[in-house]
Amino acid sequence: MNMTGGGAGPQAGPNSSCNIPNSSLLATAPVAATMPIAQLADGWLELESDPGLFTLLLEDFGCHDVQVEEVYDLQKPIESPYGFIFLFRWIEERRARRKIVETTAEIFVKDEEAISSIFFAQQVVPNSCATHALLSVLLNCNENNLQLGDTLSRLKAHTKGMSPENKGLAIGNTPELACAHNSHAMPQARRRLERTGAGVSSCRFTGEAFHFVSFVPINGQLFELDGLKPYPMNHGGWEDHEDWTDKFRRVMTERLGIATGEQDIRFNLMAVVPDRRIAITHKLKMLRTNQAIVSGTLQKLLKADEQGEGGNGDPQRPDTPSTLLEPSAFTARDLQSLLKNLDTEIAINEQHLADENDRRHKFKVDASRRTHNYDKFICTFLSMLAHQGVLGELVSQHLLPSKKISGQSAANRLNKQSNATANAGATAAGAAGAAPKSQQQQAAAAKNGKSPSKTPGRRRKGRNKCKKRK
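In UniProt numbering, the protein residues as written are 1 to 470.
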């Protein structure tokens, strides 16, 4: 499900960076020398809701050990997620949204110390909600479990203790984030931004904006981080025998039940999870190690059997010092069966790793197709067709047959109607002309003194019979 997430926030003015301490401005990259701060804040583009796009965006941020997956079934278990990103249609005036606001207002966290202890940034830069949602998950994770990279680590350190508004401005004025974000936008997004004016989300005013929010566990509590809300929302903890994803499922089930009250089911759910290739690679390493151990033990066992049959071996002395796989514990047949199972597991995981690599390659191919501007190619191609005199003929072949078919069908309907009308008229006229003719015949017969016959055909046959009798 691909939808663009605009989610316009308050427009950051040209001097909005004055509200941020100088240490928080991450304009240390070379690109900052050629890109004004105001242009960074006002030039963010809309992004599609695509897991491949988000995965590549995380790589551009410098975080290489994570990926984003789309969630199709809430009841299906998800392995070790860092957080969830929920995309929904944003309509401020709709009734369901008022219900959600009334429900979530009670769980706002307004304590400044609690807010400053987590990474919660208000979206003050339009069209940046996709990056906001990713950062809300990553920067609230334990750094021991996740390698953020230089850019995100520096952002987290420099924005520590800032207000949510200043954190949002710091995100919007970070060149690395802005350039990585815009590099994945479609050309149409840039044209919409130029057409509507810098800093304004076009779809926000047409009622078709889609907004991203994040759900992440922090200190045993499930938090919802929405950059368009004034405060973070605490949905509470979960039971000791539960995982935090169980609490998230209950919250999302209730949320979707409210949000779909008007038959609007346009939403998308994605999970930020560890890179699957890392776990598969680690599992392959363990399987190959076990394969080598089993294979070596099997070779030693077979060698010991050969020596025993030749009478050169000492039956009281084992051939291997391994206490893990002793010949007395496993027979050669057991080891061969175990080795076969290991070979099968290795082949399966190698295929999974190849699938993940192919999937990552497909992400890059889709990104190239998404961001490439085909306008010049299409215009040049049509111009060449017109120059060769082929364009008009192609247009006629693809457009005129449908019109001709529709015109012929209409003409056939008219002809059928006219034929039916003509037949009906002829039938009526024939019936009207037959009555006077019959009356004339009866009058002529009466004048000649003959009785009018009702069946002239039978009378003719009778005359013929009389002639034959004579």
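Positions of the beta carbon are idealized from the N, C-alpha and C atoms, including for glycine.
Predicted model only: the values in this text are computed from it and were never measured.
C-beta contact flag for residue i and residue j at 8 Å
i	j	result
T297	L335	yes
H158	A170	yes
M252	L58	no
F212	A133	yes
residue 474	I278	Look at the range of the chain in this structure, 1 to 470, and you will see that residue 474 is not part of it.
L385	L391	yes
D65	L152	no
L56	K364	yes
For residue i, the residue or residues it bridges with in DSSP
i	result
V68	V272
F377	Answer is none; F377 lacks a bridge partner.
L177	According to DSSP, which records beta bridges pairwise, L177 is partnered with nothing at all.
V216	F223
G83	V272
N234	F223
R89	F210
F61	Per DSSP, none; premise fails for F61.
F267	F88
F108	M233
Inter-residue Cα distance where the pair is residue i and residue j
i	j	result
F267	R89	7 Å
I348	R191	46 Å
D150	F61	9 Å
T131	S383	40 Å
residue 536	S136	As shown, the chain starts at 1 and ends at 470. That puts residue 536 outside it, with no answer to give.
E242	E46	37 Å
Q188	R360	25 Å
L139	K285	31 Å
A185	A178	11 Å
V272	N173	24 Å
Q123	W244	26 Å
L26	K156	In this predicted model, L26 has a pLDDT of only 43, less than 50, meaning its place in the structure is not dependable enough to derive any value.
D275	K110	35 Å
G168	P77	33 Å
E112	L269	30 Å
S337	T331	10 Å
H387	F381	10 Å
L394	K283	57 Å
N357	L339	27 Å
H235	R333	56 Å
E165	A114	15 Å
N219	R250	19 Å
D240	E79	18 Å
R370	E48	10 Å
D305	Q291	21 Å
K300	I85	54 Å
Y72	L87	13 Å
A367	D355	18 Å
L302	E350	29 Å
S295	N373	55 Å
N144	R154	16 Å
D375	S183	18 Å
N142	L148	10 Å
E254	M233	15 Å
Q221	I293	45 Å
G389	L256	56 Å
E70	T344	29 Å
D163	E106	Note that residue 163 corresponds to Ser in the displayed sequence, not to Asp. Each residue's Cα considered, the two are about 21 Å apart.
Q307	C63	56 Å
For residue j and residue i, believed in contact at Cβ under 8 Å, the rounded distance
i	j	result
R288	I346	7 Å
F223	I118	7 Å
V68	P81	With 8 Å as the limit, V68 and P81 do not qualify as a contact, their Cβ atoms being about 10 Å apart.
residue 472	W44	Absent from the model: residue 472. The displayed extent of the chain is 1 to 470, so no value can be given.
Y231	F108	4 Å
G83	F210	With 8 Å as the limit, G83 and F210 do not qualify as a contact, their Cβ atoms being about 19 Å apart.
W238	D246	6 Å
P161	S116	Pro is not the amino acid found at residue 161; the sequence shown has Gly there. Confirmed, Cβ separation roughly 5 Å.
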